[in-house]
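Everything on this sheet refers to the single structure shown next.
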Amino acid sequence: MHRETTPSIEVENDKWAVDHTAHPLLDPNFPHKRSRLLHLTRLSYRRMREDDEAYRQELSRLFHAIDSQADDVRIPQLLATAEDHLREADLYLDATIESLPAASQEHVRPLEEVVNCCDVRDLLGISFDASNPRRAFEARRKLFLSQTLLHIDQTRLIQDGPRHRSHFEEILNRGLWQYTTQIHDLTVGYRLGADGNSIEYSSRPMKGDMRWDFRSTFLEKKHDDRTIGLDVFYYNCRFKMAVAPLGFEVIDGSHRVAEKARFDRMRQQSSGSVLSKMIRKGINNPDEIADLIGAMFIVNDNEALNDLLILLDTCLGNTFGWRNVTDTLADTWKGSPLNAFSSKGFKVFKGDVDILFEEYGGSRPYRFPVEIQIFTLESYLRTVCCDHEASHLALKRRQFMLGVVPRIFPGEIYGDRWLPVFSVD
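Numbered according to my numbering, the sequence shown terminates at residue 424, and the numbering increases by one at each position without gaps.
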């Protein structure tokens, strides 16, 4: 897990107080801070403004490696490619605005002049020359969003993600799932406890219960001097760029996972969720996102969690390979949140494991991270119980309202009272 290091969001204090260090183009005061980055950007703009060939070269550097024999790429082709990414930025922003309360959406709708502009040089001109601070900011924001989406597309860990996921699953097939002795279906009925925190659950659902269906896998494997028998109620491994964001809905009294394609109009839908994560966590390099490949397990209790960790250790093969481990299920844990947006009621064992990968052909091996989450049955049911503060939906609301909104709709530009309710409790 890449632990969130978002010092800029002080939930108890000023929700609009944001640290823009990682994303300076989103800083409303960027043109006035006289930084070296600002100086370099101005110099580049002046070259592009005065010389079409300089502009062509700058665009070529965005899409083609230096010395890649791309010197003959003509500017119309480069302009079309740049426009494609700028339009993606518009679509991302549209989807983000649609997630706001309806009464607030028009207040932050981008200016038509900026929406209609899909030329890098012209947007730079607006960002430097516009007398209206909002127009200048929205031009810079559009450039930032498109540049980051391009960076996401060009990241090696993302490009190789499907191969890495397949390799990880092959490891589990050989070292874990081959010891399967039984697969059976299980329905669990659950409800929020009277204390408002615990979850009461049973394999015999009662009237009024929420329900969740599992396909449980029972494993038996000899280890040292004993045989480990383990029920894995649920397992899933996903590559972040290959799945749509998930939401929950009630179907016939049962809670089930349903696809909720928030960025469905974007060419690469999943890039939108990666971009949001980079914004809220203050990440400016997609390679730093440790959960591009994520594996989730649900087991019965803490004892079963210990057994699963032993079995994973035997097949992953590196006890010392865990990084950024957080164990809120441990007795010694005092209930501190995982990050700035997590609930104290969120219980999980979570950590990153580096998997050694060697490409065919004998090239030098390298490592890629997999974020592993292990829930006990009760701790998982908390995340799908809409009334619990640790629910997945409540977390997503906090992440969006406290992590994304203040950064792309800063109070210095749009004011701090345009959102009717800024509470996510």
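Ideal Cβ positions, reconstructed from N, Cα and C, are used throughout, including at glycine. Small disclaimer: the values here were computed from a predicted structure and weren't measured.
query, result
"How many angstroms separate the CA atom of ASP18 from the CA atom of LYS141?", "19 Å"
"Could you compute how far the alpha carbon of LEU122 sits from the alpha carbon of ILE65?", "24 Å"
"Flag this pair as yes or no: are the beta carbons of ASP89 and VAL114 separated by less than 8 Å?", "yes"
"Just to confirm my understanding: we take ILE407, look at its own chain, exclude 5 residues before and 5 after, and list those with CB closer than 6 Å. What are they?", "none"
"Does GLU199 come out as helix, strand or coil in the three-state DSSP assignment?", "strand"
"List the residues that DSSP assigns as beta-bridge partners of LEU185.", "PHE213"
"If you follow the alpha helix (DSSP H) that PRO75 is part of, which residue opens it and which one closes it?", "74 to 97"
"Beta strand (DSSP E) containing ALA16: first to last residue?", "Element bounds for ALA16: n/a, residue is neither H nor E."
"So, ASN323 versus GLY293, is the Cβ gap smaller than 8 Å?", "no"
"Assuming VAL403 is part of the beta strand (DSSP E), what are its boundary residues?", "Run containing VAL403: none; DSSP gives neither H nor E here."
"Cα-Cα, which of LEU392, LEU171, THR80, GLY228 is closest to ILE354?", "LEU171"
"Does GLU219 come out as helix, strand or coil in the three-state DSSP assignment?", "strand"
"Pull the bridge partners of GLU370 from the DSSP assignment, please.", "GLY293, ASP351"
"Can we say the stretch 218 to 230 touches the stretch 174 to 185, given the rule of at least three CB pairs closer than 8 Å?", "yes"
"Below 8 Å between beta carbons: does that hold for ASN283 and ALA21?", "yes"
"With a cut-off of 8 Å on the beta carbons, I'd call GLU377 and TYR200 a contact; round off their distance for me.", "7 Å"
"Put GLY492 into one of helix, strand or coil per three-state DSSP.", "The chain is shown from 0 up to 424; residue 492 falls before or after that span and cannot be answered."
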